[in-house]
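Enquirer: Let me begin by handing over the structure; questions about it come next.
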Amino acid sequence: MSEKPEQAEQPESDPFSQMLQFYDDWTKTWSGAASEMASSKNFADSMAQQLEASLSATQMLRRQMGELMEQSMQQMSLPTRRQILSIAERMTNIEMRLDDMEAKVDQVLDLLKASQ
Amino acid sequence: MSAAKPEFDPIFTAGYTPEQVRRGLARYARGVKVVADSLEAPVGQTPRETVWALNKAKLHRYVPTQPEEERHRVPLLLVYALINKPFIFDLAPGRSYVEYMIDQGFDVYLLDWGAPGPEDQHTTFDDYVTEYLHRAVRKMLRVSGASEFTMLGYCLGATLAAVYAALYPGAPIRNLILLTAPLDFAAPPDGSMAMWLEEERLDVDRLVGAFDNVPGELIRFWAKMLKPVENFVGAYVSVWKALDDRAAVEGWQAINRWVEDVIPFAGAAFRQFVQDYVRNNELIKGEHEINGQRVDLSRIDAALLNVVAQYDHLVSQSQSESLMELVSSEDKELRVIPSTHVGLMASGRARYKLWPDLVEWLAPRSG
């Protein structure tokens, strides 16, 4: 009767390869079950509840911090976050108008070139 | 007399020689380094110049490699989604769709939306079409001197491309290529990304109100949770197994960087996409209006190639295929590819099968 070779004789064998083998052996079962679980209505509902709780806390914290910061900045005569965002939005609008003007200039140049 | 306390052995070394344990730990350390280094993996290396910029958006033109007389006359504009970065089109030399297409004689442009900041929270999904894509197309036509162009949209970029084509029927779109386009949300969302977006599960106003822009990490988490074992464990096991294959490791690092390198979704754009496009399915129903004009998909008359990935767990086939019956294009084809969502651009098979197939379809239609 032949004996199984000793582990020391297997050049690729190490403790982590054993874990990989374990993963390979079980991945199909795990994968299907985990995907099914993650796609289930109950799981999605549970995730949604956790997100909702997290959002409530985040929103409250942000509002309070925002109000505090806004008051502090105003007292120091510094622009608030809201004012800076408003300027950035206006700059984007100006960029868009410049882009349209450049396109119109290009059109005019094309017409001039064609008429010469 | 108490029994001997078992020796602590967290990685199951019992039965292994010290050399085997040392080798295993060394390999583990290499694996950790590969994963950590992947966040800095070199990507997007194909030479290009930026020909247009507006706010965070940029239009890049890739430097052609073929002589002008051998190039196709119709330029190709690539439009990617609003989540993740567009370097999925240009992962690394030898794995780059952009590089492949310029070598095939195409004049390639890429629209990079950039990462929205808090000042972009009011940019809607439709704004990306009317304020950005519209202007980028105008500039591309100007720079290229072409009278027609091909637009290739991928994922949400395909939705934006379809909306653009329907909203601007006068635009000189010669060819429209849509890859995994999420357009039709009539089917139950079970098991797809849309599942997380249902009204009873997500208060979209509260989400946007809490963050201004929706964190990319949240969207990535939703996407990964659809295949948790593959995404949270399998991805790392696959690179572990390939540690001795330098090319495979580099490829994995580029893809992993793309997966992890997320950008926020502009708040108003996310809100509109979820409410109008997903929950109300306005686009397919023909009820969506932009600036008082109905987005009528029947106005799409360009040659259309609609590509669906058979094993896509983010965008199902039903979300893409119903477009075929709505467009007016006489030259149209729905192609189902045995691939995953990301595999269309990032797999080895894409380079040898999908990309040559795309060129075979596009080249005769590109002058």
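Line order of the protein sequences matches chains Z and B.
Sequential numbering of the first sequence, starting at 4, is according to the numbering used here.
Sequential numbering of the second sequence, starting at 4, is according to the numbering used here.
Positions of the beta carbon are idealized from the N, C-alpha and C atoms, including for glycine.
No experiment lies behind these values; they were computed from the predicted model shown.
(1) Could you name the residues of chain Z that M198 (chain B) contacts, counting a contact when the two beta carbons are closer than 8 Å?
(2) With a threshold of 6 Å on Cβ separation, who are the neighbours of I266 (chain B) within its own chain once the five nearest residues in sequence on each side are excluded?
(3) Using 7 Å as the threshold, is the C-beta distance between N259 (chain B) and S99 (chain B) below it?
(4) Check R76 (chain B) in the structure and name its three-state DSSP category.
(5) For D113 (chain Z), which residues of its own chain have a beta-carbon under 7 Å away from its beta-carbon, when the five flanking residues on both sides are left out?
(6) Could you check whether G156 (chain B) and D169 (chain B) sit closer than 7 Å to each other, using their CB atoms as the reference points?
(7) Taking 7 Å as the threshold (beta carbon to beta carbon), is E122 (chain B) in contact with chain Z?
(8) Using a Cβ-Cβ cut-off of 7 Å, state whether V345 (chain B) counts as contacting chain Z.
(9) In whole angstroms, give me the CA-to-CA distance for E6 (chain Z) and F25 (chain Z).
(10) Less than 8 Å between the CB atoms is what I'm expecting for G108 (chain B) and H75 (chain B), so what's the real figure, rounded?
(11) Is N87 (chain B) close to chain Z? Criterion is C-beta to C-beta, closer than 7 Å.
(12) Output the boundary residues of the alpha helix (DSSP H) element that contains I97 (chain Z).
(13) In angstroms, rounded to a whole number, what distance separates the CA positions of S80 (chain Z) and E290 (chain B)?
(14) Could you tell me the alpha carbon to alpha carbon distance between R242 (chain B) and A251 (chain B), rounded to whole angstroms?
(15) Locate the alpha helix (DSSP H) running through I1 (chain B), then write down its first and last residues.
(16) Does E109 (chain Z) pass the burial test, meaning 16 or more other C-beta atoms within 10 Å, or should it be called exposed?
(17) From V330 (chain B) to A226 (chain B), what does the alpha carbon distance come to, in whole angstroms?
(18) Could you spell out the range, first to last residue, of the beta strand (DSSP E) harbouring D115 (chain B)?
(19) Rounded to whole angstroms, what is the Cα-Cα separation between V140 (chain B) and A174 (chain B)?
(20) Count the other CB atoms within 10 Å of the CB of P341 (chain B); is the residue buried (16 or more) or exposed (fewer)?
(21) With H, G and I counted as helix, E and B as strand and the rest as coil, what does DSSP make of G156 (chain B)?
Expert: The relevant details are as follows:
(1) By 1-based counting over the second sequence, the position of residue 198 (chain B) is 195. S42, A47, listed in chain order.
(2) In the second sequence, the residue the question calls residue 266 (chain B) occupies position 263. These residues qualify, in order along the chain: A118, G219.
(3) On the second sequence, position 256 is the one that residue 259 (chain B) refers to. On the second sequence, position 96 is the one that residue 99 (chain B) refers to. No, they are not a contact pair.
(4) Indexing the second sequence from 1 puts residue 76 (chain B) at position 73. Here R76 (chain B) sits in coil by DSSP.
(5) Within the first sequence, numbered from 1, the residue matching residue 113 (chain Z) stands at position 110. Counting only Cβ-Cβ distances below 7 Å, and skipping sequence neighbours, we find nothing.
(6) To locate residue 169 (chain B), count along the second sequence from 1; it is residue 166. To locate residue 156 (chain B), count along the second sequence from 1; it is residue 153. According to the sequence shown, residue 169 (chain B) is Ala rather than Asp. No.
(7) Position 119 of the second sequence, counting from 1, holds the residue named residue 122 (chain B). Closer than 7 Å: yes.
(8) The count along the second sequence starts at 1 and reaches residue 345 (chain B) at position 342. Chain Z, which has no Cβ nearer than 7 Å to the Cβ of V345 (chain B), makes this no.
(9) Within the first sequence, residue 6 (chain Z) is the residue found at index 3, counting from 1. Within the first sequence, residue 25 (chain Z) is the residue found at index 22, counting from 1. Residue placement at E6 (chain Z) cannot be trusted, given a pLDDT of 41 that sits under 50; the coordinates are not used to answer.
(10) Position 105 of the second sequence, counted from the first residue, corresponds to residue 108 (chain B). Position 72 of the second sequence, counted from the first residue, corresponds to residue 75 (chain B). That belief holds up - the Cβ atoms of G108 (chain B) and H75 (chain B) are roughly 5 Å apart, short of 8 Å.
(11) For this step, residue 87 (chain B) is matched to residue 84 along the second sequence. So no, N87 (chain B) is outside the interface.
(12) Residue mapping note: residue 97 (chain Z) aligns to position 94 of the first sequence, counting from 1. Element bounds for I97 (chain Z): 84-118.
(13) Residue numbering aside, residue 80 (chain Z) sits at position 77 when the first sequence is read from its first letter. Residue numbering aside, residue 290 (chain B) sits at position 287 when the second sequence is read from its first letter. If I take the Cα positions, the gap works out to 48 Å.
(14) The residue given as residue 242 (chain B) occupies position 239 in the second sequence. The residue given as residue 251 (chain B) occupies position 248 in the second sequence. Checking the displayed sequence, the identity of residue 242 (chain B) turns out to be Val instead of Arg. Rounded to the nearest angstrom, the two C-alpha atoms are 8 Å apart.
(15) A question about residue 1 (chain B) goes unanswered here, because the residues of chain B that appear run from 4 up to 370.
(16) Here the question's residue 109 (chain Z) lines up with position 106 in the first sequence. Note that residue 109 (chain Z) corresponds to Asp in the displayed sequence, not to Glu. Result: exposed.
(17) Taking the second sequence and counting its residues from 1, one reaches residue 330 (chain B) at position 327. Taking the second sequence and counting its residues from 1, one reaches residue 226 (chain B) at position 223. When rounded, the distance between both Cα atoms is 30 Å.
(18) Counted from its first residue, the second sequence places residue 115 (chain B) at position 112. Per DSSP, the unbroken beta strand (DSSP E) holding D115 (chain B) starts and ends at 111-115.
(19) The sequence position of residue 140 (chain B) within the second sequence is 137, counting from 1. The sequence position of residue 174 (chain B) within the second sequence is 171, counting from 1. Whole-angstrom Cα-Cα distance: 9 Å.
(20) Sequence index remark: in the second sequence, residue 341 (chain B) carries index 338 (1-based). It is exposed - the Cβ of P341 (chain B) has fewer than 16 other Cβ atoms within 10 Å.
(21) Residue numbering aside, residue 156 (chain B) sits at position 153 when the second sequence is read from its first letter. In this structure, G156 (chain B) counts as strand in the three-state DSSP scheme.
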